[in-house]
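S.K.: Have a look at the structure that comes next, please.
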Amino acid sequence: MTKAPFTGKGERASDLLGLIHSDVCGPMNTQARGGFQYFITFTDDFSRYGYIYLMRHKSEALEKFKEFKNEVQNQHGKSIKALQSDRGGEYLSQDFDKLLKECGIVSQLTPPGTPQWNGVSERRNRTLLDMVRSMMSHTDLPTSFWGYALETTAFTLNRVPSKSVQKTPHEMWTGRRPNMSFMRVWGCQAYVKHQMSTKLEPKSQKCTFVGYPKETKGYYFYNSKENKMFVARTGVFLKKDFLSYKGNGRHIELKEVQQQQVHEPEVEKTPQVVEGNSTDLETQPLERSTRERHEPERYGFLVTTHGDVILVDQDEPKTYQEVVSSPDSEKWLEAMRSEMDSMSENQVWTLVEPPDGIKPIGCKWVFKKKTDMDGNVQTYKGRLVAKGFRQIHGVDYDETFSPVTMLKSIRILLAIAAFHDYEIWQNGHQNRFP
């Protein structure tokens, strides 16, 4: 039996928000800045105007759809009529289905194994990633900047002509022709004026243009020396130097990670009861999920920028004996000394003799390695914590509370003390207001 050909095209929507195409792409083999591994797209069928949202986890799809829905319906005064997507688990959840029914949105799901019927979203994902690879291949920025490149790509596609519509998506979406005069070449260098500087310091800093902020009129810039992002109104863009570069471009390995599937069915014996006697039937293959399983990041796993899954805490010591025998014992001991010096300096405790018949609560060391987004160890941390779980209500404590105050109350108190020349005591230190 052969697969039937895909013929015919679906009906186009006759108005804005009549039909929204959506798809989730990811996880990517490289984490974007901010820990993003996925992105979700929403494309209006009538205008082909697209929205894009970066996500850390696939489960955020529902929240992003709510954010998209509230924004577009408020801006246009219309309601979304239908949502077309594949049969991904994020679209088949009970919460997602409940939201669509409450809002009267018709869910249009493609049959299993037919991405061709979700072609608008699939082509949009391919176009976005192709443009991102092309843009990043002509810059020296790390691959983790693909999130900024992706948002810039979606911003640009909404303002350029499309074969699917007679006008630009931006004009059909807003009713106004797009202004292209402020757009710049992504990844080019620029000089940005300092907000505050002395007479002898340079008045500007050399940065890299990486995108357009959604909330502000201006540009996103990246300062590689300080490794920070900031927004500025404008800058002096070195477009000629960027375009005159004759390099062939580097190869960008940015792709969606495909999970491997194992098709070997598990074989088990299933018992059957016949007239009170248990007999074994012939071995039959049971249907099992072939999805590759591993714990999420919150359980100690980390997906590196190369797509590898590693255990972050697989070699972290649990006891002092393991610290001494560890290859990194000097670094762990230095972290412990730093913790003890900090507690002594801040007067965390006062050494006293315990009362008769009272057993003090014990404490333990907690060791942790702080890593970057690629899994490289940057800091060794050692924390001395009390075993509060061993406290008994009525024996070790009567009630628990957390003191909370308002900042304006503290200001009033300080003003009264300063006016009447009172003394204020805090944590055993005396402060006198003249």
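Each residue of the sequence shown is one higher than the one before, counting from 6 in the working numbering.
Glycine included, each C-beta is placed from N, C-alpha and C at the ideal position.
Is the Cβ-Cβ distance between Phe44 and Ser27 less than 7 Å?
M.R.: For the purposes of this step, residue 44 is taken as the residue at position 39 of the sequence shown. For the purposes of this step, residue 27 is taken as the residue at position 22 of the sequence shown. For Phe44 and Ser27, no; Cβs fall outside 7 Å.
S.K.: Just to confirm, are Arg61 and Ile257 a CB contact at a threshold of 7 Å?
M.R.: Locating residue 61 in the sequence shown gives position 56, counting from the first residue. Locating residue 257 in the sequence shown gives position 252, counting from the first residue. Not in contact: Arg61 and Ile257 (Cβ atoms no closer than 7 Å).
S.K.: Short check: CB of Val236 to CB of Gly223, under 7 Å?
M.R.: For this step, residue 236 is matched to residue 231 along the sequence shown. For this step, residue 223 is matched to residue 218 along the sequence shown. Yes.
S.K.: Looking at Ser112 and Leu104, is the spacing between their C-beta atoms short of 7 Å?
M.R.: What you label residue 104 is simply residue 99 of the sequence shown in a count that begins at 1. What you label residue 112 is simply residue 107 of the sequence shown in a count that begins at 1. Their beta carbons are not under 7 Å apart, which means Leu104 does not touch Ser112 by this criterion.
S.K.: Would you identify the three-state DSSP class for Thr284, choosing helix, strand or coil?
M.R.: Counted from its first residue, the sequence shown places residue 284 at position 279. Only weak support is given to the placement of Thr284: the predicted model assigns it a pLDDT of 43, under 50, and the value that follows is read from those uncertain coordinates. The three-state secondary structure of Thr284, taken from DSSP, is strand.
S.K.: What first and last residue would you give for the alpha helix (DSSP H) that runs through Asn184?
M.R.: Sequence index remark: in the sequence shown, residue 184 carries index 179 (1-based). Where Asn184 is concerned, there is no enclosing alpha helix (DSSP H), given that its DSSP letter is neither H nor E.
S.K.: Identify which residue in Lys336, Gln352, Cys193 and Val390 has its Cα closest to the Cα of Lys245.
M.R.: What you label residue 245 is simply residue 240 of the sequence shown in a count that begins at 1. Ranking the options by Cα distance to Lys245, first place goes to Cys193.
S.K.: Can you give me the Cβ contacts of Trp191 inside the same chain, cut-off strictly under 6 Å, excluding the 5 residues immediately before and after it?
M.R.: Translated into positions along the sequence shown, residue 191 becomes position 186. So the list reads Met140 and Thr157, once near-sequence residues are dropped.
S.K.: State the Cα-Cα distance for the pair Met348 and Leu389, rounded to the nearest angstrom.
M.R.: Position 343 of the sequence shown, counted from the start, is the residue given in the question as residue 348. Position 384 of the sequence shown, counted from the start, is the residue given in the question as residue 389. In a straight line, the C-alpha of Met348 is about 9 Å away from that of Leu389.
S.K.: Measuring alpha carbon to alpha carbon, tell me which residue in Pro120, Leu22, Pro117 and Glu107 is nearest Gly82.
M.R.: Looking up residue 82 in the sequence shown gives position 77. Nearest option by C-alpha distance: Leu22.
S.K.: Counting only the same chain and skipping the five closest in sequence on each side, list residues whose C-beta sits under 6 Å from that of Trp178.
M.R.: Taking the first residue of the sequence shown as 1, we reach residue 178 at position 173. If we look at Trp178 and ignore the five residues flanking it on each side, its Cβ neighbours are Ser52 and Tyr54.
S.K.: Run through the DSSP bridge pairs and tell me what Val371 is partnered with.
M.R.: Along the sequence shown, read from residue 1 onward, the residue named residue 371 stands at position 366. Beta-bridge pairing links Val371 to Arg388.
S.K.: What's the gap between the Cα of Lys392 and the Cα of Asp401?
M.R.: Taking the sequence shown and counting its residues from 1, one reaches residue 392 at position 387. Taking the sequence shown and counting its residues from 1, one reaches residue 401 at position 396. Distance between the alpha carbons of Lys392 and Asp401: 12 Å.
S.K.: Taking its Cβ as the centre, do 16 or more other Cβ atoms sit within 10 Å of Asp377, making it buried, or is it exposed?
M.R.: Here residue 377 refers to the residue found at position 372 of the sequence shown. Asp377 is exposed by the Cβ-count criterion.
S.K.: When you compare the region 153-167 with the region 117-128, are there three or more beta-carbon pairs, one atom per stretch, that lie closer than 8 Å?
M.R.: no
S.K.: Based on DSSP bridge pairs, tell me the residues matched to Glu261.
M.R.: Start at 1 with the first residue of the sequence shown, and residue 261 comes out as number 256. According to DSSP, Glu261 bridges with Met33.
S.K.: Applying the criterion that 16 or more other CB atoms from any shown protein chain within 10 Å of the CB defines a buried residue, is Lys74 buried or exposed?
M.R.: Mapped onto the sequence shown, residue 74 falls at position 69. Classification for Lys74: buried.
S.K.: Considering Val77, what are the terminal residues of the alpha helix (DSSP H) in which it resides?
M.R.: Within the sequence shown, residue 77 is the residue found at index 72, counting from 1. That run of the alpha helix (DSSP H) goes Ala66 to His81.
S.K.: Looking at the strands, I want to know which residues DSSP matches up with Asp49.
M.R.: Position 44 of the sequence shown, counted from the start, is the residue given in the question as residue 49. Bridge partners of Asp49: Ile25.
S.K.: Measuring alpha carbon to alpha carbon, tell me which of Ser343, Phe394 and Asn228 ends up nearest Pro365.
M.R.: Locating residue 365 in the sequence shown gives position 360, counting from the first residue. It is Phe394.
S.K.: Near Ser149, what residues of its chain come up, given a Cβ to Cβ distance below 8 Å and the 5 sequence neighbours on each side ignored?
M.R.: Here residue 149 corresponds to residue number 144 of the sequence shown, with the count starting at 1. Taken in chain order, the residues that qualify are Thr35, Gln36, Ala37, Arg38, Thr310 and Met378.
S.K.: DSSP state of Tyr217, grouped into three classes?
M.R.: Your numbering for residue 217 matches position 212 in the sequence shown. If DSSP states are grouped into helix, strand and coil, Tyr217 belongs with coil.
S.K.: Can you tell me the Cβ-Cβ gap for Val328 and Phe372, rounded? I've got them flagged as a contact below 8 Å.
M.R.: Taking the first residue of the sequence shown as 1, we reach residue 328 at position 323. Taking the first residue of the sequence shown as 1, we reach residue 372 at position 367. Sure, about 7 Å apart at Cβ, within 8 Å.
S.K.: At 3 residues or longer, and completely inside the region 106-145: list those beta strand (DSSP E) runs for me, N to C.
M.R.: 111-114
S.K.: Mind checking which residues open and close the alpha helix (DSSP H) that includes Tyr153?
M.R.: Along the sequence shown, one-based indexing puts residue 153 at 148. Where Tyr153 is concerned, the enclosing alpha helix (DSSP H) stretches over Trp151 to Leu162.
S.K.: Hey, how far is the Cα of Asn130 from the Cα of Val241?
M.R.: Looking up residue 130 in the sequence shown gives position 125. Looking up residue 241 in the sequence shown gives position 236. The alpha-carbon separation between Asn130 and Val241 amounts to approximately 33 Å.
S.K.: Alpha carbon to alpha carbon, how far is Ser505 from Glu95?
M.R.: Given that the chain is displayed from residue 6 to residue 439, the structure contains no residue 505 and the question cannot be resolved.
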